[in-house]
Every structure is written in C-alpha cells, then in structure tokens.
Amino acid sequence: MSAPRVLATALLIAAGAGMAGAEPTRPLATPTVVPLPELGSAAAPADAPAAPVPPADPACGGAGWAALAEARARSAPLGLPPVPHPEGEPPTAARIELGRQLFFDRRLSANGTMSCAMCHVPEQGFTSHELRTAVGVEGRSVKRNAPTLINVGYVTELFHDGRDPALETQYLGPLLAMNEMANPSAGQVVARIAGMEEYRQGFSAAFGAPPSIDRIGAALAAYQRSLVAGGSAFDRARYGGEGAALDPAAARGLALFTGKAGCSACHAIGADHALLSDNAFHDNGYGFMREAERQTPAPTARVEVIPGVVYEVERSYIASVGGVREPDLGRYEASGRPDDRWRFRTPSLRNVALTAPYMHDGGFATLDEVVAFYDGGGFPHPEQDPRIRPLGLSDAERAEVVAFLRSLTSPAVPCLSGEARSARPGNY
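Residue numbers -22 to -1, 1 to 406, in mature numbering (1 follows the signal peptide of the UniProt record, and there is no 0), belong to the letters of the sequence shown in order.
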C-alpha cells in the first residue's frame, strides 16, 4: 500500500470510518497528485493556493508595541480612511494590550480549549488556511469559514450575514454558540475572568473598573481595530503617486477589475481610498449553488489528505464520521426577510492572497477558482444579482485579475502577527 493510501486509510479509521481495527469496507481510489510549486521558485503559478503569510516580524512585538498599535488605530494608512471608533471611546494602548490578551486566552471557552486566535490565526492572515469551515470545542463543526480580522474595523455589519452591528458585541456570538466556545451564559465568562488576578489588574489599568460584558467587548474591539494594513502595491500606485509600484500584469488586471469584469461595482475603489467592499449583501449565485449541491450531492467528494494528494472519497465514508451538512440561507438567517436568501456580505479584497480558502464556506481553495466562478456568471437563478454575468475573460485576462488581487497585500501584515505574539497566552 502506498504512503498516501496508508495515510488516507489511517485518517478515515482514526475518524471512525473503520471499526475494531478493520480497514474501510471499500478500497480508496487511486489518488490524484496535484503538482506543487517548487520551494524557492520566483513566482507562484496561476493556480497556486494562497500565498504564505510572511513570517511575523519580531521587531514589532517588543516593549511598547501597544502604543504603536494605538497610533496605527488612530491613523489613516495609505489607501484607507481613518479607522472609525465609537464616539467618546478612542483606543488606548492599555485597552489594546488587554484585548490581545483576551483574544489568545482559551479560558474564554467553556472547557478552556478554544480561543479567538485558534480560528483567526495571526500567521495565517488572521483566518485559518487548513480549514474550509471553523471547528469549535470538542471538534464541533461550524458551517462557515472564519473571515480575516485584518481591517475588520471598517466592517459595518459583522459575520457573513451581518448579524451584529458592532465589534463590541460581536464576540458574544462565538462565546455562546454551542459549536464554537460553548459557554452557557456571558455572566459565567465575566465571573471567570473577574476571578483571575491578572485580569482584575488589566481591567483596572484599562478601564478603571472590573471586568464586565461591555468592557470585555470594548477591549477585544480595541485590539481588533488596531489590525490595520494598507500601503499595498496597489495603494502606492493609485494613492501614493508610484505608478510603477504595480507590475504590468497587475496593472492590466486593475483595468479589467474596474472595466470589463465589473468587480469594482461591489468591491469599491474610491478617489482617495479603497475599502474594496461596499459592505452590502449580494446573491452571487454561490450560496444557491451550494444548497443545490447539498440537496443532491455527488456520490464522491475530493479529500486532500496531504498537500497535493487528493482522493475521491465516497460520501458514505464521509457521512459515517461527519455531521449532517446544514443549509445556509445567508442574510436571511439574520433578517428573516425572504428576499435576503443566499445574500452574503461583500468581503474586502485587501490582503486576499493571504486569506484562503474563499467564499462563506471556504469552498474555493484558490483565487483562480474564485475568478473562474465569476467569469462563468455565477450559478444563474432568478434571485441572482444581475451584475453577476458571464464575463468572457481569456485565460490571460483571468491571470491578470489574479495578479491584481495579489497586489493588494500589505507590507504591514508581518508586523500585525509579530504584535499578536508579543506575549504568551495567559493559559499556555
């Protein structure tokens, strides 16, 4: 038995597909080996997965990092507007530092195993590259992808369906969800935090008051609003007067993005800044397509057991070890309005090359897949946004759009992950 076959079989048995030491009753198919780029190659091929996030910059995690983060949160990086803050609640270094501590603390979960940072991994663009959808306490499945937190301070309605209007209260969703951090009540979390001397001191320094529901949210929000990253090659070319900052392929991709492809109709680019999102909700056909697939699934599914080795696995195997896949109606689940079915929030495309997998359920592994989906006109159905239409892009044009998307990566990202690792979590 080949090494990949041994690995795939072992994974299925360990997960419960084989019982009492027996191998699965039907043999696995021969794997498909997907070529990977050679290490040290000068450029990733067009169909490469998300670019690896540059290593954390340790120089950004030293003493005084929180003061630098405060200054950044109060500023307007090249290409971005000033970060909005609640009226009368400007960020402070003490609150940012406290928020970072809470962000990494697994004691915020019911059984002390999950922290915010375990789904929003700093070294992975504050998302998770390994998982299409998040996994909560005790391995419980979550039906949606963990979105990046970089530049989250500009998002006006949070979660993929916009169910929460503020970072100060957003944390309560995962805190209480039984498939995420699984706490029975917010009050129990407050009492747990208030019982720790380091937090009593931290909240006193940051707020002059003890831990509470609103102060925990304010600290987490202050830290997340400091995760600002602009100044990309695109920003330098469009807003910094450095036309040569964009390479020719990316420049052609920008012309397609704002022209023939029409991407900027939702991923907005303004005269003095670009959020690369309209912060609105649209039906692009993808949610409807995924629901159709859920209701009439293919007999097999592709499973990547190690990078580049993919098996077609019978769904009966997967069903024997996994939960039932839930429907996802998008914005409707927050609003209850029938016309919001299949609508999801437009994500910003800033740093998108670092934040795979893509779409609300992580269904696309590469930017090439995303561009191909839109080029094909989505998945037409009566409620699909009319702006989603076949684009007729050539292979070269698709590659140029991807080149432009890669130009949206900020050089500030390594500093954000360096700051995130400025101290060990309180419960390491």
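Beta carbons: idealized from backbone N, C-alpha and C, even for Gly.
**Message:** With a threshold of 6 Å on Cβ separation, who are the neighbours of L394 within its own chain once the five nearest residues in sequence on each side are excluded?
**Reply:** Numbered from its first residue, the sequence shown carries residue 394 at position 416. If we look at L394 and ignore the five residues flanking it on each side, its Cβ neighbours are L205.
query = Can you tell me the Cα-Cα spacing of I296 and E290, whole angstroms?
reply = As a position in the sequence shown, residue 296 is number 318, starting the count at 1. As a position in the sequence shown, residue 290 is number 312, starting the count at 1. Roughly 11 Å separates the two Cα atoms.
message = Measuring straight from C-alpha to C-alpha, what distance separates F185 and P364?
response = Along the sequence shown, read from residue 1 onward, the residue named residue 185 stands at position 207. Along the sequence shown, read from residue 1 onward, the residue named residue 364 stands at position 386. Using only the alpha carbons, I get a separation of about 49 Å.
**Asked** So Q202 packs on L154, CB below 8 Å; how close in whole Å?
**Response** The residue labelled residue 202 in the question sits at position 224 within the sequence shown. The residue labelled residue 154 in the question sits at position 176 within the sequence shown. In fact, because the Cβ distance is near 18 Å, the residues do not count as touching under 8 Å.
Problem set entry | Status (buried if at least 16 other CB within 10 Å, exposed otherwise) for E16 | Along the sequence shown, one-based indexing puts residue 16 at 38. Its pLDDT being 38, under 50, E16 is placed unreliably in this model, and the value from its coordinates should be taken loosely. Exposed, because fewer than 16 other Cβ atoms sit within 10 Å of the Cβ of E16.
Q.
Strictly by DSSP, which residues pair up with A279?
A. The sequence position of residue 279 within the sequence shown is 301, counting from 1. Looking at the DSSP assignment, A279 forms a beta bridge with V291.
- [ ] Measure the alpha-carbon distance for P358 versus S163 and round it to whole angstroms.
- [x] What you label residue 358 is simply residue 380 of the sequence shown in a count that begins at 1. What you label residue 163 is simply residue 185 of the sequence shown in a count that begins at 1. Taking the straight line joining both Cα atoms gives about 42 Å.
Reference A270; option with closest CA among V133, P305, A44, A258: On the sequence shown, residue 270 is found 292 positions in, with the first residue counted as 1. Ranking the options by Cα distance to A270, first place goes to P305.
Query raised in the report: Going by alpha carbons, who is nearest to residue 409 out of S210, A211, P335?
Result: The structure shown has nothing for residue 409, since the chain only spans -22 to 406.
(Q) Here's a check: name, in chain order, each residue in its chain whose Cβ is nearer than 7 Å to the Cβ of L(-12), leaving out the five neighbours to either side. (A) Reading the sequence shown from its first residue, position 11 is the one you call residue -12. Low local confidence applies: a pLDDT of 44 at L(-12) is under 50, so the model's placement there is unreliable, with the coordinate-based value given in what follows. Same-chain partners within the cutoff: V283.
- [ ] Below 6 Å CB to CB, which residues in the same chain sit around G396 once its five sequence neighbours on both sides are set aside?
- [x] Numbered from its first residue, the sequence shown carries residue 396 at position 418. So the list reads A34, D35, P36, C38, G39, once near-sequence residues are dropped.
- [ ] Quick one: grab the DSSP three-state call for T91.
- [x] In the sequence shown, residue 91 corresponds to position 113, counting from 1. It is coil, neither helix nor strand.
Fill in: Within 8 Å, strictly: CB atoms of A95 and F82
Residue mapping note: residue 95 aligns to position 117 of the sequence shown, counting from 1. Residue mapping note: residue 82 aligns to position 104 of the sequence shown, counting from 1. Yes, the pair counts as a contact, with Cβ atoms nearer than the cut-off.
Next item on the list: Count the C-beta pairs between the region 375 to 392 and the region 336 to 351 that are closer than 8 Å, then say yes if the count reaches three, no if not.
Entry: Three or more beta-carbon pairs drawn from the region 375 to 392 and the region 336 to 351 are found closer than 8 Å, and the two stretches are therefore classed as touching.
* Exposed or buried, R50, counting other C-beta atoms within 10 Å across all chains shown (16 or more means buried)? -> For the purposes of this step, residue 50 is identified with residue 72 of the sequence shown, where counting begins at 1. Classification of R50: buried, given that the 10 Å Cβ count is 16 or more.
Any idea which residues DSSP pairs P358 with across the strands? Translated into the one-based positions of the sequence shown, residue 358 becomes position 380. According to DSSP, which records beta bridges pairwise, P358 is partnered with nothing at all.
For E101, does the count of other Cβ atoms within 10 angstroms reach 16, so buried, or fall short, so exposed?
Stepping through the sequence shown from its first residue, residue 101 is reached at position 123. Classification for E101: buried.
Tell me, to the nearest whole angstrom, how far the beta carbon of P64 is from that of E48; I am working on the premise that it is less than 8 Å. Translated into the one-based positions of the sequence shown, residue 64 becomes position 86. Translated into the one-based positions of the sequence shown, residue 48 becomes position 70. Going by Cβ atoms, the distance from P64 to E48 rounds to 15 Å, so no, they are not a contact pair.
Where L109 sits in the DSSP three-state scheme: For the purposes of this step, residue 109 is taken as residue 131 along the sequence shown, with counting starting at 1. Coil, per DSSP.
Have a look at G231, F259, C241, P189 and flag the residue whose alpha-carbon is nearest the alpha-carbon of residue 408. The requested residue 408 does not occur in the structure, where the chain is confined to residues -22 to 406.
ask   = Is the number of C-beta pairs between the region 100 to 117 and the region 300 to 318 that are closer than 8 Å three or more?
value = no
### Message
As a quick exercise: from A222, G341, R321, G131, pick the residue whose alpha carbon is nearest that of V281.
### Response
If you number the sequence shown from 1, residue 281 lands on position 303. Comparing Cα-Cα distances from V281 to each of A222, G341, R321, G131, the minimum goes to G341.
Secondary structure of R309, DSSP reduced to three states
Counting from one through the sequence shown, the residue named residue 309 turns up at place 331. Correct three-state label for R309: coil.
ask   = Taking buried to mean at least 16 other C-beta atoms within 10 Å of its own C-beta, is E75 buried or exposed?
value = Looking up residue 75 in the sequence shown gives position 97. The residue in question, E75, is buried, as its Cβ has 16 or more Cβ neighbours within 10 Å.
message = Is the beta carbon of Y132 closer than 8 Å to that of G195?
response = Taking the first residue of the sequence shown as 1, we reach residue 195 at position 217. Taking the first residue of the sequence shown as 1, we reach residue 132 at position 154. Not closer than 8 Å, so no.
- Task: Less than 8 Å between the CB atoms is what I'm expecting for G57 and A252, so what's the real figure, rounded?
- Result: Walking along the sequence shown from the start, residue 57 turns up at place 79. Walking along the sequence shown from the start, residue 252 turns up at place 274. At roughly 6 Å, the Cβ-Cβ gap stays under 8 Å, so G57 and A252 are in contact.
Legend entry - Cβ separation of G103 and I128, assumed to be a contact under 8 Å, to the nearest whole Å: To locate residue 103, count along the sequence shown from 1; it is residue 125. To locate residue 128, count along the sequence shown from 1; it is residue 150. Yes, they are in contact, since the Cβ atoms of G103 and I128 sit about 6 Å apart, within 8 Å.
Margin query: I'd like to confirm the pairing. Which residues does DSSP put opposite D192 in its beta bridges?
Written below: What you label residue 192 is simply residue 214 of the sequence shown in a count that begins at 1. Paired residues: none, contrary to the question.
Using only alpha-carbon positions, find the residue among H107, N89, Q79, S93 that is nearest to A331.
-> Position 353 of the sequence shown, counted from the first residue, corresponds to residue 331. Selected option, being the one with the closest Cα: H107.
Practice problem: Between the Cα of T277 and those of E292, Y264, P59, spot the shortest distance and give me the residue it belongs to. | Solution: In the sequence shown, residue 277 corresponds to position 299, counting from 1. Strictly speaking, residue 277 in this sequence is Pro, with Thr absent from that position. Cα-wise, what sits closest to P277 is E292.
For A374, which of A227, G355, R323 has the nearest alpha-carbon?
Your numbering for residue 374 matches position 396 in the sequence shown. Here the closest residue by C-alpha is A227.
* To do: Sort N329, G265, R399, A88 by Cα distance to V391 and report the nearest one.
  => One-based indexing of the sequence shown puts residue 391 at position 413. Out of N329, G265, R399, A88, N329 has the C-alpha closest to the C-alpha of V391.
Original post:
Fully enclosed by the region 329 to 359, which beta strand (DSSP E) runs are 3 residues long or longer?
Top reply: none
L136 and S385: beta carbons closer than 8 Å?
Taking the sequence shown and counting its residues from 1, the one referred to as residue 136 is at position 158. Taking the sequence shown and counting its residues from 1, the one referred to as residue 385 is at position 407. Contact flag unset, no.
Note to self: Comparing C-alpha positions only, which one of R52, L80, N161 sits nearest to R178?
What the structure shows: The residue given as residue 178 occupies position 200 in the sequence shown. Of the listed residues, the one whose Cα sits closest to R178 is L80.
Q) Buried or exposed: which applies to T134, given that a residue is buried once 16 or more other Cβ atoms fall within 10 Å of its Cβ? A) Residue numbering aside, residue 134 sits at position 156 when the sequence shown is read from its first letter. Answer is exposed; the Cβ neighbour count stays below 16.
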